[in-house]
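Novice: According to the numbering used here, the sequence shown holds residues 0 to 359 in order.
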Amino acid sequence: MDSTMDDAVAGDFALINKLDIQCDLKTLSDDIKESLESEGKNSKKEEPQELLQSQDFVGEKLGSGEPSHSVKVHTVPKPGKGADLSKPPCRKAKEIRKERKRLKLMQQNPAGELEGFQAQGHPPSLFPPKAKSNQPKSLEDLIFESLPENASHKLEFTRFLCSSPLEAETPPNGPDCGYGSFHQQYWLDGKIIAVGVIDILPNCVSSVYLYYDPDYSFLSLGVYSALREIAFTRQLHEKTSQLSYYYMGFYIHSCPKMKYKGQYRPSDLLCPETYVWVPIEQCLPSLENSKYCRFNQDPEAVDEDRSTEPDRLQVFHKRAIMPYGVYKKQQKDPSEEAAVLQYASLVGQKCSERMLLFRN
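(1) Helix, strand or coil for Ile251 per DSSP?
(2) Looking at C-alpha atoms only, which residue of Asn202, Gln183, Ile199 is the closest neighbour of Ala193?
(3) In or out: Ile199 buried (at least 16 other Cβ within 10 Å) or exposed?
(4) From Ala370 to Glu98, what distance separates their C-alpha atoms?
(5) My output table needs one value for Gly347: the three-state DSSP class, helix, strand or coil.
(6) What residues in its chain sit with their C-beta under 8 Å from that of Gln362, if we drop five residues either side in the sequence?
(7) Tell me which residue opens and which closes the alpha helix (DSSP H) that Tyr326 is part of.
(8) Is the stretch 318-328 touching the stretch 273-285 in the sense that three or more CB pairs, one from each, lie closer than 8 Å?
(9) What residues in its chain sit with their C-beta under 8 Å from that of Gln241, if we drop five residues either side in the sequence?
(10) Helix, strand or coil: which one does DSSP assign to Pro278?
(11) Indicate the three-state DSSP secondary structure (helix, strand or coil) for Ala300 in the structure shown.
(12) How about Asn295 and Val275: do their beta carbons lie closer than 7 Å?
(13) What residues in its chain sit with their C-beta under 6 Å from that of Gly173, if we drop five residues either side in the sequence?
(14) Going along the chain, which residues of its own chain have a beta-carbon closer than 8 Å to the beta-carbon of Leu356, five neighbours each way excluded?
(15) Go ahead and pull the three-state DSSP assignment for Arg358.
(16) Is the CB-CB distance between Ile191 and Phe181 below 7 Å?
(17) Could you please give me the residues that DSSP links to Tyr211 through a beta bridge?
(18) Is Glu101 buried or exposed, if buried means 16 or more other CB atoms sit within 10 Å of its CB?
(19) Helix, strand or coil: which one does DSSP assign to Arg264?
(20) To which residues of the same chain is His236 closer than 8 Å at the C-beta, ignoring the five residues directly before and after it?
(21) Could you tell me if Ser351 is buried or exposed, where buried requires 16 or more neighbouring beta carbons within 10 angstroms of its beta carbon?
(22) Looking only at its chain, what residues have a beta carbon closer than 8 Å to the beta carbon of Pro47, apart from the 5 residues adjacent to it on each side?
(23) Compute the Euclidean distance between the alpha carbons of Pro223 and Tyr211, then round it to the nearest angstrom.
(24) Whose CA, out of Leu187, Leu165, Ser163, Glu168, lies closest to the CA of Ser151?
(25) Skipping 5 residues on each side, what residues in its chain have a beta carbon closer than 8 Å to that of Val204?
(26) Would you kindly work out how many angstroms separate the C-alpha atoms of Lys290 and Lys317, rounded to a whole number?
(27) Is DSSP giving Asp188 helix, strand or coil here?
(28) Please report the straight-line C-alpha distance between Gly189 and Lys258, rounded to a whole angstrom.
(29) Could you give the distance in angstroms between the alpha-carbon of Leu141 and the alpha-carbon of Gly248?
(30) Closest to Val363 by CA distance: which of Lys260, Gly221, Ser306 is it?
(31) Return helix, strand or coil for Glu155, following the three-state DSSP convention.
(32) Tell me whether Leu102 sits in a helix, a strand or coil according to DSSP, three-state version.
(33) Out of Arg264, Glu299, Asp310, which has the shortest C-alpha to C-alpha gap to Ala225?
(34) Which residue or residues does DSSP assign as beta-bridge partners of Glu168?
(35) For Gly221, I'd like the list of residues in its chain whose CB is within less than 8 Å of its CB, leaving aside the five on either flank, ordered along the chain.
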């Protein structure tokens, strides 16, 4: 899977997955401060109280080979004056806070260098050596290649089974970790900064939830954890071929916190009427016009698992299991049948024969 993240997100992710930054941070910090002071003095003469104190460190784009650079500071035009179109637009306060957090993390490095993070407890590391060409790297190259032993930071990645409604199973033809629910912990320099909750199922890895330390939000840990989970799914697929999907949960086009899932490719959305997977590129135009829509373009298509024989639906009534065809002969309430038929239409024929509908 490839991510079609915008440049801002790509820049944040590039910071924590740095390929070849081996610069002197003290020198870099001094250069940034000198640039700020120099331009700040010039700006104060013209626009007092309008200078945005911005300190930026932009990591090179993945696979681009472009060097890192500092970003100049520009002033905000006074009300009533025309904006200088030759200058980039002013940064938002949120972006400035992210930049300051980024610089603070780099300055905390006593060695004065940012060579990357070292993964402990997992033989492969997070960052590959410097790219010698502009050829795109695979996800595994970015995630698992080794780092020098004297890396400035140490990112630990562990997982363990947690309490879950899913029963843990370890079949001989399954992955070594077995099936069930797991926590994936992300540790940076001995401090836990994020936890991902996933379910490992026979056909997929389901990403349930991620929570992280807000002090490290500028690292785009949601993006990083998703890529890490995708790489993990690929690893599991090598041993268990039927485990071949990464499931990100519900997609809500109008909700930014859910819409990000559409940035990963290839991705499919489930048609809410025919229950077939449709490439997201075909779904987006419809979602721009309506919050709810049918993705399957075939007007004749129907849910292949729809309920066709509701009398075979299994009912649990008075401590006995019986088909709905037997149960309904004992009922005189006409609304009862409508409720049961609605249930059958929602769960489908297969599930209605495997599950028990409790009736009191």
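Ideal placement from N, C-alpha and C gives every residue a C-beta, glycine not left out.
Specialist: Taking the coordinates as given:
(1) Reading the sequence shown from its first residue, position 252 is the one you call residue 251. DSSP, read as helix, strand or coil, puts Ile251 in coil.
(2) On the sequence shown, residue 193 is found 194 positions in, with the first residue counted as 1. Nearest Cα to Ala193 within the set Asn202, Gln183, Ile199: Gln183.
(3) Mapped onto the sequence shown, residue 199 falls at position 200. Here Ile199 is buried, its C-beta having at least 16 other C-beta atoms within 10 Å.
(4) One cannot answer for residue 370 here, as it falls past the ends of the chain, which runs 0 to 359.
(5) Position 348 of the sequence shown, counted from the first residue, corresponds to residue 347. Of the three classes helix, strand and coil, the one that applies to Gly347 here is helix, per DSSP.
(6) Nothing in the structure corresponds to residue 362, since the chain is present only between 0 and 359.
(7) As a working note, residue 326 is residue 327 in the sequence shown. Unbroken alpha helix (DSSP H) run through Tyr326: 323-326.
(8) Flag = no, the stretch 273-285 and the stretch 318-328 do not touch.
(9) The count along the sequence shown starts at 1 and reaches residue 241 at position 242. These residues qualify, in order along the chain: Pro201, Asn202.
(10) Residue 278 sits at position 279 when you count from the first residue of the sequence shown. Residue state for Pro278 is assigned as strand, using DSSP reduced to three classes.
(11) The count along the sequence shown starts at 1 and reaches residue 300 at position 301. Under the three-state reduction of DSSP, Ala300 is assigned to coil, being neither helix nor strand.
(12) If you number the sequence shown from 1, residue 295 lands on position 296. If you number the sequence shown from 1, residue 275 lands on position 276. Contact flag set, yes.
(13) In the sequence shown, the residue the question calls residue 173 occupies position 174. So the qualifying residues of the chain are Thr239.
(14) On the sequence shown, position 357 is the one that residue 356 refers to. So the list reads Leu312, Gln313, Val314, Phe315, Tyr323, Val339, Tyr342, once near-sequence residues are dropped.
(15) Position 359 of the sequence shown, counting from 1, holds the residue named residue 358. For Arg358, the three-state secondary structure derived from DSSP is strand.
(16) Locating residue 191 in the sequence shown gives position 192, where the first residue counts as 1. Locating residue 181 in the sequence shown gives position 182, where the first residue counts as 1. Contact: no.
(17) By one-based count along the sequence shown, residue 211 stands at place 212. Paired residues: Ala193.
(18) In the sequence shown, residue 101 corresponds to position 102, counting from 1. The question names Glu, but residue 101 is Arg in the sequence shown. It counts as buried.
(19) On the sequence shown, residue 264 is found 265 positions in, with the first residue counted as 1. Strand, per DSSP.
(20) Sequence index remark: in the sequence shown, residue 236 carries index 237 (1-based). Short of 8 Å from the beta carbon of His236, and not among the five residues preceding or following it, lie these beta carbons of its own chain, in chain order: Leu242, Ser243.
(21) In the sequence shown, residue 351 corresponds to position 352, counting from 1. When all chains shown are included, Ser351 counts as buried.
(22) Position 48 of the sequence shown holds residue 47. The predicted position of Pro47 is uncertain, since its pLDDT is 38 and thus under 50; a value taken from the coordinates is nonetheless stated next. In its own chain, leaving out the 5 sequence neighbours on each side, no residue places its CB closer than 8 Å to the CB of Pro47.
(23) On the sequence shown, residue 223 is found 224 positions in, with the first residue counted as 1. On the sequence shown, residue 211 is found 212 positions in, with the first residue counted as 1. Reading the sequence as shown, one finds Tyr at residue 223 and not Pro. A straight line joining the alpha-carbon of Tyr223 with that of Tyr211 spans about 12 Å.
(24) One-based indexing of the sequence shown puts residue 151 at position 152. Taking only the C-alpha atoms, the option nearest Ser151 is Leu187.
(25) As a working mapping, residue 204 is identified with position 205 in the sequence shown. Residues of the same chain with a CB within less than 8 Å of the CB of Val204, apart from the 5 flanking positions on each side, are Ile197, Asp198, Glu228, Phe231, Thr232, Leu235, Leu242, Tyr244, Tyr245, Tyr246 in chain order.
(26) What you label residue 290 is simply residue 291 of the sequence shown in a count that begins at 1. What you label residue 317 is simply residue 318 of the sequence shown in a count that begins at 1. So the two alpha carbons sit approximately 42 Å from each other.
(27) To locate residue 188, count along the sequence shown from 1; it is residue 189. The answer is coil: DSSP assigns Asp188 none of H, G, I, E or B.
(28) Within the sequence shown, the letter at position 190 stands for residue 189. Within the sequence shown, the letter at position 259 stands for residue 258. Using only the alpha carbons, I get a separation of about 33 Å.
(29) For the purposes of this step, residue 141 is identified with residue 142 of the sequence shown, where counting begins at 1. For the purposes of this step, residue 248 is identified with residue 249 of the sequence shown, where counting begins at 1. Computed Cα separation, rounded: 25 Å.
(30) The displayed coordinates of the chain run from 0 to 359. Any statement about residue 363 would go beyond what the structure contains.
(31) If you number the sequence shown from 1, residue 155 lands on position 156. Here DSSP, grouped into helix, strand and coil, assigns Glu155 to strand.
(32) On the sequence shown, residue 102 is found 103 positions in, with the first residue counted as 1. In the three-state scheme derived from DSSP, where H, G and I count as helix and E and B as strand, Leu102 is classed as helix.
(33) For the purposes of this step, residue 225 is identified with residue 226 of the sequence shown, where counting begins at 1. Sorting Arg264, Glu299, Asp310 by C-alpha distance to the C-alpha of Ala225 places Arg264 at the top.
(34) Here residue 168 refers to the residue found at position 169 when the sequence shown is read from its first residue. Residue pairing for Glu168: DSSP places it in a beta bridge opposite Tyr178.
(35) Within the sequence shown, the letter at position 222 stands for residue 221. For Gly221, where only same-chain residues beyond five positions count, the Cβ hits under 8 Å are Leu209, Tyr211, Tyr259.
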